[in-house]
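For the record, in the sequence shown the residue sitting at position 329 is 324 according to the working numbering, with numbers rising by one throughout.
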Amino acid sequence: MSNVITLNKENKEIREKIIEAGGSDVYKCYQCGKCTGVCPWYQIETVELPVCRIAQTVRLGAMLISEDKEETAKETEEVYRCVGCDACVNECPHGVSIPDIIRAIRSILVNFGSYPSTLKSPISKIHNVGNPLGEPKEKRVDWAEGLDIPIFEAGIEFLYFPGCLPAYDPRLRKVAQATAQILKKAGVSFGILGEKEWCCCEAMRRAGAEYLFQEAVKTNIDAFKSAGVKKIVTTSPHCYTTFKNDYPEFGGDFEIIHTTQIFYELIKQKKLVPQGLSGLENPSYNDKTSHSSIKRVVYHDPCTLGRQSGIYDEPREVLKSIPSIELVEIENFSREYSLCCGGGSGGLWLDWPKEERIADVRVQQAVDTGAEILAVACPYCLQMFEDSVKTVNISIEVKDISELLADSIKR
Ligand code: SF4
Ligand code: SF4
């Protein structure tokens, strides 16, 4: 017989471990089930994931040296399905944060080495070289070659923090490059940290690697402070949210700005005047519909930028300022009801079967609007959606807002 035990009123040991690890909300849930219906996994027909029950029934089998290996593997899989999208947090009538409980459970599993093997590689790469791709530190600045961007020093106003994927990934480098071009065109005073920039580690904290997160926090805060940084512009909403909400707890108090916020501000100040996209005519602002050269664009709200940070309007305003764009919305799944791309909380490194990919559902929703371009404001979303577009062979272009804006100010 298995020696695993369920979390119930008698099972104080597991409950106390979860609370100790930060999941104090475990007491508050009254099992109404509202969270399950808004969880993105609910959109996947073949997956049944009653998320509210995970916290109540988790056995922490590995911790208790379970003999039931199959049950332990199933439990680990369920615990690692949560993508930290916070849709359930918004809906819960009792103020329960399931992602916080899940994070606490994961941190226990990570301490016992019982977590998905695909997460082991990015965790050890961050520890060794400061980024989940395992790229050498000295290559962190390669994306900026030829752009004449200074290393941050006293007297420069903003630190631009591209984050790991835009710094290293060949596709996502285009986002960092577009951002730099925009900031330069508008005359913004900014610099970069170069080799001293480390992964922000938001995803790894949510994946349960708390010790690694705290190592990253210390490294980044030390680098920011010794360079004299006060204001940070980030490309990734994941960097944005953790710098803003988590780093202050460790002494890192900086002004944090997402790229879409500074772009919108620069447009309002007329420091940027977007024209039509390349290859398109430049229709007047008031006569978009009569033009055949209009591009229909749908914007996907990243969970970390929308639900978690309340930034819904700035990305839309930037897109609307580009004359050749007609902005459309995904009915019922826009703004606070946006469906996650599936890449958060370590999801980027987890391989689910093809029929279980949340990103595929989201891309189909975008295609159903008739849009030609799916605009994003997050490197994770861009990577997840481009993978989907390739694998399900759907016809829609995925672009970061910075790429569209940079294109519109070329002339
Ligand atoms: S919505 Fe809140 S109270 Fe209801 S089951 Fe989910 S976590 Fe529990
Ligand atoms: S945070 Fe998102 S993925 Fe995680 S349980 Fe809540 S709704 Fe589901």
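Note that beta-carbon positions come from the ideal geometry of N, C-alpha and C, so glycine has one too.
- Cβ neighbours of Q256 within its own chain (closer than 8 Å, five residues either side excluded): I306 and E309.
- For P243 against C194, the beta-carbon gap comes to about 19 Å, at or over 8 Å, which does not count as contact.
- DSSP places L343 in the helix class (H, G or I) of the three-state scheme.
- Contact between P35 and C87 is ruled out by a C-beta separation of about 16 Å, above the 8 Å threshold.
- Around the beta carbon of R76, 16 or more other beta carbons sit within 10 angstroms, so the residue counts as buried.
- The nearest non-hydrogen atom of ligand 1 is less than 7 Å from the C-beta of Q26.
- Here the C-alpha atom of A401 lies approximately 16 Å from the C-alpha atom of P157.
- Between the beta-carbon of H253 and that of L178 there is about 13 Å, and that puts the pair past the 8 Å contact cut.
- DSSP places L300 in the coil class of the three-state scheme, outside both helix and strand.
- T230 and F107 have their alpha carbons spaced roughly 34 Å apart.
- With fewer than 16 other Cβ atoms inside 10 Å of its own Cβ, T113 counts as exposed.
- About 15 Å separates the beta carbon of K266 from that of A175, a gap too long to meet the 8 Å contact definition.
- Short of 7 Å from the beta carbon of T236, and not among the five residues preceding or following it, lie these beta carbons of its own chain, in chain order: E197, T299, Q303 and S304.
- In the DSSP assignment, L322 falls within the unbroken beta strand (DSSP E) covering I320 to V323.
- Bridge partners of T229 according to DSSP: F156 and H253.
- A181 carries a coil assignment under DSSP once its states are collapsed to helix, strand and coil.
- Within the model, the alpha-carbon separation for K12 versus G90 is close to 21 Å.
- Bounds of the beta strand (DSSP E) holding A370 are I368 to V371.
- Uninterrupted alpha helix (DSSP H) stretches at least 4 residues long and entirely within the region 95 to 154 occur at 112 to 124, given in chain order.
- Taking non-hydrogen atoms of ligand 2 into account, the C-beta of W347 is found less than 7 Å away from none of them.
- In this chain, E190 is not harboured by any alpha helix (DSSP H), its DSSP state being neither H nor E.
- In this structure, ligand 1 has a non-hydrogen atom nearer than 7 Å to the beta-carbon of H89.
- Between the alpha carbons of W344 and G129 lies a gap of roughly 14 Å.
- Two segments are said to touch when three or more pairs of C-beta atoms, one from each, lie closer than 8 Å; by this definition the region 329 to 347 does not touch the region 21 to 30.
- CA-CA distance, I93 to N85, rounds to 11 Å.
- The region 141 to 155 and the region 184 to 193 touch, with no fewer than 3 CB-CB distances between them shorter than 8 Å.
- Pairwise C-beta distances place the region 155 to 171 in contact with the region 384 to 402, as three or more of them are shorter than 8 Å.
- Look at E86: its beta carbon is less than 7 Å from one of the heavy atoms in ligand 1.
- The closest heavy atom of ligand 1 lies less than 7 Å from the beta carbon of I93.
- When DSSP reads this structure, E309 sits in no beta bridge, so it has no partner.
- For E65, no pairing in a beta bridge is given by DSSP.
- Under the DSSP assignment, K290 falls in the beta strand (DSSP E) whose first and last residues are K290 to Y294.
- Of the candidates A222, I353 and D363, the residue whose Cα lies closest to the Cα of I151 is A222.
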